[in-house]
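Numbering follows numbering that gives the first Met the number 0, in which position 87 of the sequence shown is assigned residue number 86; successive positions increment by one, without gaps. C-beta atoms are modelled at their ideal positions from N, C-alpha and C, and glycine is treated no differently. Model, not experiment: these values are computed from the prediction.
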Amino acid sequence: MTTLRALPPHCRDEAIARAAATLRAGGLVALPTETVYGLAANARDPRAVAKVFAAKGRPADHPLIVHLASTEQVADWARAVPGCVRDLARHYWPGPLTLVLKRAPGVPDVVTGGQDTVALRLPAHPVAQALLQAFGDGLCAPSANRFGRISPTTARHVREELGDAVDLVLDGGPCSVGIESTIVDLSGGRPRLLRPGAVPADRLAALLGERLLPARADTPRTPGNLPAHYAPRTPLQLLAHELLHERHPLPALALAVLSRERPDWPCEWLPAPATAREYARVLYRRLREADALGVDAILVESPPAERDWEAVRDRLMRAAHAHAGHIRPGAWSAGAAAPLPAAPAVARRIA
Ligand code: TXA
Ligand code: MG
0 MTTLRALPPH CRDEAIARAA ATLRAGGLVA LPTETVYGLA ANARDPRAVA KVFAAKGRPA
60 DHPLIVHLAS TEQVADWARA VPGCVRDLAR HYWPGPLTLV LKRAPGVPDV VTGGQDTVAL
120 RLPAHPVAQA LLQAFGDGLC APSANRFGRI SPTTARHVRE ELGDAVDLVL DGGPCSVGIE
180 STIVDLSGGR PRLLRPGAVP ADRLAALLGE RLLPARADTP RTPGNLPAHY APRTPLQLLA
240 HELLHERHPL PALALAVLSR ERPDWPCEWL PAPATAREYA RVLYRRLREA DALGVDAILV
300 ESPPAERDWE AVRDRLMRAA HAHAGHIRPG AWSAGAAAPL PAAPAVARRI A
C-alpha cells in the first residue's frame, strides 16, 4: 500500500493520475471526501467491487454509494429520476447528501446489493472531485473502515483500518465534515431519511415541501441503520451532563470521558466542542483517541436534544448500542438516565 499526498494542489496531478490508473486496473484507492475517507473502486467492475467488500469485511448484500463527478452522470446510473433531484442537487451537490433513486439498467448487482435502487452522491472535497473527473465514471466508495467500526477521517486512520487491503491512499488532510453524508430515499412515494448527516433533515423537508418519513425499522441491508454501528472497541456509554459533577459513576473502572466540562472525578478527559458542526468534525478522531488509551469504558456526555445535533446523536447512540452485550444493567446510580433513549449502561467488569 502506498500513500500519496494529494494536497496542496501542486502535489495533486501525479497522485490523481496514479489513482485513476489504479482504479482502471481494478485496484482499490482510499480517497478523502469532505465527510469521511472512502474506499473507492470502479463501480462498473464487479471484481473490483468484490474486493471492497472483502477489504471491509462487509456482508455482500449491503449496497454501496456510487460517487459521481457531475449531475449529468446521474442519468447513467438512475432512471425515473424525480424532478426534486434537480433542486436538491442545485442546493447540496457537491456536498454531503446521498440520494437513493431507482437504478438504471446495467448497474451491477454487486453495487446495489441486488436491490432495485442505487445511492448517488457528488462529494465536495477537491481531491475526490479531481479523481472522479480524471476517472470519468462512477466510483463506489463506502467509508474506508472495517464493517461496523468508526469511519476514518484521516489517511492515517485508513492505513490503521485497512493496511495492505488498499492499493493506494490519497492523503487529502483531515475531513472537514467528519461524519457520513445524509441519505434520503427518493425511490418510493414519500421521501425517507435513511441516515441523518451534515445536511439537516428539516432543510431538506423545507426544500421538498414535505416532511421526511423516518427509515423503516425493517429497512434491510443498510448497515448505517443497524442499531449497532460506528463503534470503538472499548465499551461506550452516554452520560447525563449532571453526572459530571456528582460522585464517580463507575469507581471500579478506568474511564475516558468526552464532555464539554471536565468531570469532578478522576478520568482521562477529552474535551468536546460546543457546536454540533465542530463536534461532528472531531467525533471519530476523539473516539479513536479514547480507544487508544486502554481504558475500561468510554463515557460520552449526552449531546443536546436539539435538531442540529441529530446526526451526532445518531452516531453516538449506535456506538453505545454496539456494546449492549458487555453491559450490566443497574451499574448506574438512580437518576443517571441520559436525556436520550436509554442506552444500556457500561460495566465491563474488571477482574
Ligand atoms: O459520507 C458518506 O456517505 C461516505 C463517503 C465515503 O462518501 N460513504 C459512506 O458509505 O458512508 P457507507 O457504505 O459506509 O454507507 C453508505 C450507506 C449504507 O448504510 C448503505 O447500506 C446505504 O448507504 N445504501 C447504499 N445504497 C443504498 C440503497 N440502494 N438503498 C438504501 N441504502 C443504501
Ligand atoms: Mg460506513
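Proximity below 8 Å, CB of residue i to CB of residue j
i	j	result
ALA14	LEU3	yes
MET316	ASP163	no
VAL65	VAL117	yes
HIS156	ARG287	yes
ARG57	PHE134	no
ALA140	ALA39	yes
GLU209	ARG191	no
ALA143	TYR283	no
LEU131	TRP92	no
ARG285	LEU257	yes
LEU211	VAL299	no
ASP290	PRO231	yes
VAL99	LEU193	yes
THR97	SER180	yes
PRO151	VAL110	no
As assigned by DSSP and simplified to three states, the class of residue i
i	result
ALA40	strand
ASP295	coil
TRP308	helix
VAL183	strand
GLU245	coil
ALA103	coil
PRO270	strand
GLN114	coil
ARG215	coil
THR2	strand
ASP170	strand
LEU203	helix
PRO338	Low confidence applies here, because PRO338 scores a pLDDT of 36, under 50, leaving its location unreliable; read the following figure in that light. Correct three-state label for PRO338: coil.
LEU121	coil
VAL165	coil
GLU288	helix
LEU96	strand
VAL28	strand
Pairwise C-alpha distance: residue j and residue i
i	j	result
SER186	ALA318	29 Å
TRP76	ASP115	11 Å
ARG23	ALA16	11 Å
LYS55	ILE149	12 Å
PRO262	PRO248	11 Å
GLY196	ILE178	7 Å
PHE52	GLU241	43 Å
GLY329	ALA251	Model confidence at GLY329 stands at a pLDDT of 44, short of 50, so the residue's coordinates are unreliable; what they give is reported in the following sentence. So the alpha carbons of these two residues sit roughly 14 Å apart.
ARG101	ASP307	The sequence given here places Lys at residue 101; Arg does not occur at that position. Straight-line Cα distance between these residues: approximately 29 Å.
ARG89	CYS266	47 Å
ARG11	ALA239	45 Å
ASP166	ASN41	13 Å
LEU6	PRO95	20 Å
VAL198	SER301	21 Å
GLU71	GLY82	14 Å
GLY172	ALA123	14 Å
LEU30	ALA18	9 Å
ALA47	ALA68	19 Å
ASP86	GLY137	21 Å
ASP184	ASP60	18 Å
Residue-chain proximity (residue i, chain B), Cβ-Cβ < 8 Å
i	result
ARG102	Protein chain content of the structure displayed is limited to a single chain, and chain B is not contained in it.
**Asked** Hey, which unbroken runs of the alpha helix (DSSP H) at 4 residues or more fall wholly within the region 36-86?
**Response** 45-55 and 73-76
**Prompt:** Quick one: complete alpha helix (DSSP H) runs, 4+ long, within the region 134-158?
**Reply:** none
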